[in-house]
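Right, one structure below, let's go through it.
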Amino acid sequence: MIATTQHQSLLSRLFGARETGLVLIIMVLFLAMTFASPHFLTWTNMRAMAMAFSVEAIVVVGMTILLISGGIDLSVGSVTALAMVIAGLLFLAGVNPWIASLIAIAACAGIGAIMGFFVTVVGLHHFIVTLAAMVIARGLCLLGTGGRPLGLFELPDSFKWIGIGSIGPIPVAIVVFLVTVVVFDFLLRRTTAFRKVFYTGSNERAAAYSGIRTKRVLFLTTMLCSTLCGVAGIIYMARFGSAQPTFGVGMELNVIAAAVIGGASLSGGKGSILGAILGAVLLSLVSSSLALLNVSVYWQDIIRGSILLAAVTFDHYLVKRRAAGGRA
Amino acid sequence: MIATTQHQSLLSRLFGARETGLVLIIMVLFLAMTFASPHFLTWTNMRAMAMAFSVEAIVVVGMTILLISGGIDLSVGSVTALAMVIAGLLFLAGVNPWIASLIAIAACAGIGAIMGFFVTVVGLHHFIVTLAAMVIARGLCLLGTGGRPLGLFELPDSFKWIGIGSIGPIPVAIVVFLVTVVVFDFLLRRTTAFRKVFYTGSNERAAAYSGIRTKRVLFLTTMLCSTLCGVAGIIYMARFGSAQPTFGVGMELNVIAAAVIGGASLSGGKGSILGAILGAVLLSLVSSSLALLNVSVYWQDIIRGSILLAAVTFDHYLVKRRAAGGRA
Amino acid sequence: AQDTLRCEPGETYVMNVMVMGHPYWVPVFQGFKQAAEAFGCEAVFSGTPDYDITKQIASFEQDLVTSPKGILLHPMQADPFIDPINRAVDAGISVTTFAADSPKSKRTAYITSDNLAEAKFAAEEIVKTVGDSAEYAVLENPGQSNHDLRVTALIAYMEKNYPNMKLVGRQATNQDPNAAFTAVSAMLQANPNLAALWIPESGSAEGAVAAAKAASKKPMIIHADISPTTLEEIKAGNIHMALNPNQGIQGFVGFMNTFLGAHPDAIDPFNDYKTAGYNPMQIPFVDNGFAVITKENAESFVLEKYMEGRN
Amino acid sequence: MVIMSPEPLLQLRDISKSFGAVRALRSGQLELRAGEIHALAGENGAGKSTLMNIVDGILQPDAGEILIDGQPVSVDSPAVAQGLGIGFVHQEIALCPEISVAENIFMARTAQSRRRLMEGHALVTAAQEVLAPLAYIDPRLPAGALSISQQQLVEIAKALTLNCRILIFDEPTAALTEHEAQKLFSIMRDLAARGIGIIYISHRMAEIFENCQRVTVMRDGQHVMTADTSDVTPADVVNAMVGRKLDTLYPPKLSGPRQAEILRVENASGHCFRDVSFSVYRGEILGFGGLIGAGRTEIARGITRLEGDAKACVHLEGEPVTLRDYADCISKGVVYLSEDRKGDGVFLDLSIAANVSALDLRRVAGRFGVIDKRREAGMAQEIGETLRLKAASMAHRVASLSGGNQQKVALAKLLAVHPRLIFLDEPTRGVDVGAKAEIHAILRNLAEQGVGIVVISSEMPELIGLCDRVLVVSEGYLTGELSGEDLTEKNIMTLAAPGAGAGKRT
Ligand SMILES: Nc1ncnc2c1ncn2[C@@H]1O[C@H](COP(=O)(O)OP(=O)(O)OP(=O)(O)O)[C@@H](O)[C@H]1O
Ligand SMILES: Nc1ncnc2c1ncn2[C@@H]1O[C@H](COP(=O)(O)OP(=O)(O)OP(=O)(O)O)[C@@H](O)[C@H]1O
Ligand SMILES: [Mg+2]
Ligand SMILES: [Mg+2]
């Protein structure tokens, strides 16, 4: 997907060769749902569906970049919750909510830096470091709140706006998500700084031999992922008007799954923001559709898992066929 | 760890060079706890602690072998639950519990085979396949039970014996665990069949170029892991006298963490049963100790995460120093 | 004012919950359905299978898309639901909360079993059984509000009324029997005189009994909610008793409140609703009560038996 | 004539480095002048790569000094080395497989430059320009899709894009054919003429004496001698390397009539080759020659079922056989040595012993498939000794070995199963003169014992010196067979040239 490709159809140019399969799958599901439920293709439903994944998608962006660099982060759920808790506590202590949010995001960046330290300087594996961070951050959430959600109904409307406000007909949260995606997709594809992320993840030795400070790259991607968790946590807080210490349990699997469906590899060097977001859209679309069709809960998981497997298999065949069908 | 090691101290011979660090850490914690609590070093407490991790440790064995072969399995928790549910439903339908258990274990092996198929024949990544399987197996649990735990109080005592009985002073579950560990540790270290697991995980192409049918190896390790989940599920069922459709949520992280602490690598080719079990012991020891000392809930996670990180860091330094200090 | 309380054909009521697969909802929805049938209405069970607030909100908003008359909602968290509930109410949908509340929203009623009352009952039962100067311990599940309330209320009640009762253990086991096994094993080791255990849910209770049996000790175990295993243990005398919210009534009355909220024309109360413009059907809090389950009546609480012939 | 600066460009003084108990370098010394091509020679494991890794900042020396233009410098990382104008073509290929060739080539420049945005098409054009003198490779392909030799060329191209004053080549020609090697030498001479100092590591004496002005020899981590190539003979260099007299002659060739047929392949067609038919006879060593990418590797892999769905009619010792997969091949005694030792030749993270026994574990197992570790180590030791494998113990990870010694492990793996027929793809890649002669002797010996031997080699002297008969491949077709008097470099080149097989195409 990295090769500079010039003679391509408009469609594959729009979506990058790698993502066409996912787009197809999503379009099929979309059409099927439009026929299956009269409520599906309504503005409200679209809005609800978009809101359901737009904030998490910010975390997906961070995770994808981290995966490309060869890392992984299991702590995303607890760090997101911690951002809510820190900002919430500060706000309750009288700090201006914007400043409180900045401090919370900085704290998340700090956690990312500590994880990055253990990974790059000490030399431990991302998996184990972020697992420990996941447990510790959850503990901090509990400690800070006594396990009870913080009610932040008093947050000023100007602040809540980022969670529940709209710009024209589009919710602010979705705008933030779109901007994040577009910006990072561009950065990752086009800037030299982010290309180093690919190099590091693809072959750390080769990158290091080319004078890339791979440890710094890994450190920064680790930190970036945590920072974006912080941002997501703040938007959640504005949206929910509360800070929940138990928020985001199990989020990591969902987020990693989205990135992997979108073409990221757990061994690094591969992946794209657009693909990962399409992965998140797919997962979210399936969940929302099952809920809308009022499928029995006892069947939902089975159907969800099967669609996931079928989609990935189909996509895999498309990618393989494209690879076999020559690359001009 | 495959290295033929001949001139070693008794300790490192007992525990394999790689595991000495972990043994040290566990011994230090053990001593500290002995001083900290008069109740720690009692037969009953030791027994209870051993019971707490012995069944999960069977899953750890399967996961470690799978990790060594280069795979990973996120479905262990739901597959374990599914084994309970299948055996439980069959028993309630009048099937002899032993036969029901065999059928349930076979069903788990079947799930492993399906996952193995998607990984080796279709060519998908373990992560995404086992994630889908995790969701589907959980759905099957819900479907089979309607979400309600199955009360299996009526299980005959002869069957419950495997969960709560004792052989002499030693609980049967611990005996089963010890036998599993000893057997698989031996197999993995010494037999040709399991050596191929190392080859496959270390460098799949080189293994294929050595005439090893690597897909078959991956298929079998995937299946083995699920089968051992089945065994663990049956023992849990006998122990708790119930089958819980929601059992084992989040188990995968714990199990993978144990293996990784014990030296397994997520990129395959490395790991040992003994190390993984020591990892499980460490995790369990920390949890039990915090409970015994009645540490505040709000602090427990923080302490647990920090000890985990400290232990891994310490172990890492020991391994590094040993590597630097010559390996003659 | 409407003269009969009946649904129009196709009039639908939704019960929306989180973790839909949890057995707790089963008898609640049975009550909900029974009431719906009595009023000639359609009943739909919805929500999210996950423990995920974002997904529950999405499912709630999708319920709104299908324009039901009312929703009986178990909000996973209070504040995040304020805005969605208010939007539903503004759109003319009646919303009642149950088992967990969103007090600052415009929901018309909240129906629950009183966790404080459960805690108080449990405390008194403990004191009655083991005396007022004994050691006791609790298991908990930090972050889940009703479980939290059950635990903190019991501790507070003990401190206030029975200062000689000593809290010797407090462990988070998060509904996991294996974690409960570990925690209770340790507690029994550390506190040989541990006399009683209060557990806010059934999953941990299963692990606790297993631990007590393994340690050959018999502390008094009292817990909230039930599962088939804890029922059997109650019958076998290994668990002292269980306190179970009256789920059927919760669902039935929950429906009635939702229904009434959707048919306010039937009510013309003596207050200012007409001038202030709010729904006359307003009840801050309805207590559906709880059942005390002991050896004697355990048989009536076997969900399998109850569910035979229903779905 | 280049004007010499008073100070040498690069000086290495008394550099030492240990890996645990292994003393890789005791006193590494080297002096490189601007504008010279300086050869660095030594046996496998002598410490050449280690010394160069220290110059490039990949490894930190335990002691010693690096001086550039007479000024002591400390090189902490490859990034620093680049800043000092040092470029390095590594012995082990390290490319990013998912990334395009163009980006791989300009990776270092990307890392250094202040540009914020990636160049688009300009990068591809620039890459094409750099590659053009070496070979035709589409710069848009991901590097992982290239063959090993093409990857080697990309590695070289990478180093050429740097603005360096000091350029290190660590066995760049090990995977190249004569043809590409000559192109490389001409580039090297151009660079030297512009005042760049080049360190050239190779085990091929001919190359050293043709292209280098001076040669430094190392043995056991120590500097042994430095001399002008005009003042010494190849024999002197070899003597200095191994510390004893060595006859580097090739073993005598087969004499007498053609013996029984071991292997017959008829009409083999596959991914990159068509209608290939040949036979291997008892006692002979059959060679495969050709240019880079000609398809020799593909032929061997196709026949041994390692890759693709090649169709071939195969007879083993007269019997028609169906080879289902490579495991089946091994069980029938047919084995293949890969040209890509790091990618699919050895298990870097496993011990030498575990590597050597990988092809047939039954040889080291007792009853019930229980591995006898002592027997395993013993077997590795024994084969290792015949191949002059330099390792402290068979328990060491292969990753800790020098490149040439890794190659010996890969070879030992195959020899351990006592095969009936061996395909060797670049068997002596990176192996030093002494060991190479040893390996050649072993191969000849095996051939005499009746083992069928097929050698694919890009090293012309090896093909000519070792093989009794050479088949030349060009663009996937067999274009000719040479033996006896006809077996000359010129003839091979003629047959190998693109288009040579045109007549055979139907
Ligand atoms: N990472 C390492 N760990 C342990 N030993 C090492 C390591 N790297 C190199 N060595 C040892 O250092 C010595 C020198 O190796 P080096 O790679 O420099 O040899 P070389 O001269 O380049 O040989 P070759 O011609 O085979 O490439 C060898 O004995 C090798 O085993
Ligand atoms: N992994 C691969 N993916 C795609 N194409 C390949 C791959 N390996 C080789 N090729 C292509 O197959 C053709 C034949 O290559 P092969 O390696 O068989 O040639 P060779 O004669 O052994 O030469 P050399 O090994 O010196 O390159 C070449 O065009 C090469 O680019
Ligand atoms: Mg070398
Ligand atoms: Mg080749």
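Residue numbers (this note's numbering), protein chains in the order written: chain A, 801 to 1128; chain B, 801 to 1128; chain C, 377 to 687; chain D, 186 to 691.
C-beta: ideal position from N, C-alpha, C; glycine also.
Just so we're clear, the structure is a prediction, and the values are computed from it rather than from any experiment.
Worksheet item: What residue does the beta strand (DSSP E) around residue 445 of chain C start on, and which one ends it?
Response: Careful: residue 445 of chain C lies outside any beta strand (DSSP E) and carries neither H nor E.
Q. Under the three-state reduction of DSSP, which class applies to residue 424 of chain C: helix, strand or coil?
A. Residue 424 of chain C falls in the coil class under three-state DSSP.
| said: Does residue 547 of chain D pass the burial test, meaning 16 or more other C-beta atoms within 10 Å, or should it be called exposed? | reply: exposed
Quiz prompt | Contact test: residue 233 of chain D Cβ vs ligand 3 heavy atom, cutoff 6 Å | solution = yes
Kindly confirm or deny that the segment 571 to 591 of chain C and the segment 844 to 859 of chain B touch, where touching means at least three C-beta pairs closer than 8 Å.
yes
- [ ] Take residue 416 of chain C as the anchor and find which of C:384, C:472, C:684 has the nearest alpha-carbon.
- [x] The candidate whose alpha carbon is nearest that of residue 416 of chain C is C:384.
Margin query: Considering only the alpha carbon of each residue, which of A:987, A:1085, A:1073, A:1008 lies closest to residue 303 of chain D?
Written below: When only C-alpha atoms are compared, the closest one is A:987.
- Query: Comparing alpha-carbon positions, which option in D:571, D:578, D:621, D:267 lies nearest residue 597 of chain D?
  - Reply: Check the Cα spacing between residue 597 of chain D and each of D:571, D:578, D:621, D:267: the tightest is with D:571.
Compute the Euclidean distance between the alpha carbons of residue 265 of chain D and residue 242 of chain D, then round it to the nearest angstrom.
7 Å
Pairwise C-alpha distance: residue 495 of chain D and residue 659 of chain D: Each residue's alpha carbon lies about 18 Å from the other.
Check: What do you get for residue 498 of chain D, buried or exposed, if any count of 16 or more other CB atoms within 10 angstroms of its CB means buried?
Finding: Exposed.
Query raised in the report: Taking only runs of the alpha helix (DSSP H) that begin and end inside the segment 571 to 627 of chain C, which ones reach a length of at least 4 residues, in chain order?
Result: 578 to 590, 604 to 611
| With 16 other Cβ atoms within 10 Å as the buried cut-off, status of residue 671 of chain D | exposed
| field | Cut-off 6 Å between Cβ atoms - residues of its own chain near residue 984 of chain B, not counting five sequence neighbours on either side | value | Non-local beta-carbon contacts of residue 984 of chain B in its own chain, meaning distances under 6 Å to residues more than five positions away in sequence, involve 861, 1073 in chain order.
>> Taking 7 Å as the threshold (C-beta atoms), are residue 880 of chain B and residue 1032 of chain B in contact?
In response: yes
Q: Would you mind reading off the limits of the beta strand (DSSP E) that contains residue 393 of chain C?
A: 388 to 393
Which residues in the same chain as residue 825 of chain A place their Cβ atom closer than 7 Å to its Cβ, once the five residues preceding and following it in sequence are excluded?
Answer for residue 825 of chain A: 1082, 1111, 1114, 1115, listed in chain order.
Between the CA atoms of residue 451 of chain D and residue 483 of chain D - distance to the nearest angstrom: When rounded, the distance between both Cα atoms is 15 Å.
Any heavy atom of ligand 3 closer than 6 Å to the Cβ of residue 587 of chain D?
yes
Subject >> Near-chain D residues of the segment 1095 to 1120 of chain A - C-beta to any C-beta below 9 Å >> reply: Per Cβ criterion, the list is empty.
(request) Would you mind listing the alpha helix (DSSP H) stretches within the segment 304 to 378 of chain D that are 4+ residues and don't spill past its ends, in chain order? (result) Whole alpha helix (DSSP H) segments, 4+ residues: 306 to 316, 333 to 346, 363 to 378.
Any Cβ of chain B within less than 7 Å of the Cβ of residue 931 of chain A?
yes
Report task. Check residue 233 of chain D in the structure and name its three-state DSSP category. Result -> helix
Check your understanding: Since residue 425 of chain C and residue 997 of chain A are thought to touch, with beta carbons under 8 Å apart, how far apart are those beta carbons, to the nearest angstrom?
Key -> Distance from residue 425 of chain C to residue 997 of chain A at the Cβ level is roughly 35 Å; contact not present, criterion being Cβ atoms closer than 8 Å.
Suppose you measure from the CA of residue 1043 of chain A to the CA of residue 1026 of chain B; what does that come to, to the nearest Å? 38 Å
Practice task
Put residue 275 of chain D into one of helix, strand or coil per three-state DSSP.
Solution key: coil
Helix, strand or coil: how does DSSP classify residue 1108 of chain A here? helix
Exercise. At a CB-CB cut-off below 9 Å, which residues of chain A make contact with residue 409 of chain C?
Worked result: By Cβ distance, chain A contributes nothing, its closest Cβ being about 14 Å from residue 409 of chain C, past 9 Å.
*Counting only runs that start and end within the segment 845 to 904 of chain A, where is the alpha helix (DSSP H) found for 4 or more residues in a row?*
Along the segment 845 to 904 of chain A, the alpha helix (DSSP H) occurs as fully enclosed runs of 4 or more residues at 876 to 892, listed in sequence order.
Query raised in the report: Can residue 1008 of chain A be considered in contact with ligand 1, in the sense that its beta carbon sits closer than 6 Å to one or more heavy atoms?
Result: no
Worksheet item: Do the segment 549 to 565 of chain C and the segment 510 to 524 of chain C meet, that is, are 3 or more Cβ pairs less than 8 Å apart?
Response: yes
Check whether the Cβ of residue 844 of chain B lies closer than 7 Å to any Cβ atom in chain C.
yes
Taking only runs that begin and end inside the segment 961 to 1025 of chain A, name each unbroken alpha helix (DSSP H) of 4 or more residues, in chain order.
972 to 990, 992 to 1002, 1004 to 1009
- Report the partner residues of residue 454 of chain D according to the DSSP bridge assignment. D:496, per the DSSP bridge assignment.
Item to complete: Give the DSSP-derived three-state secondary structure of residue 212 of chain D in the structure shown.
Response: strand
Pairing CB atoms from the segment 653 to 665 of chain C with CB atoms from the segment 434 to 441 of chain C, are three or more of them under 8 Å?
no
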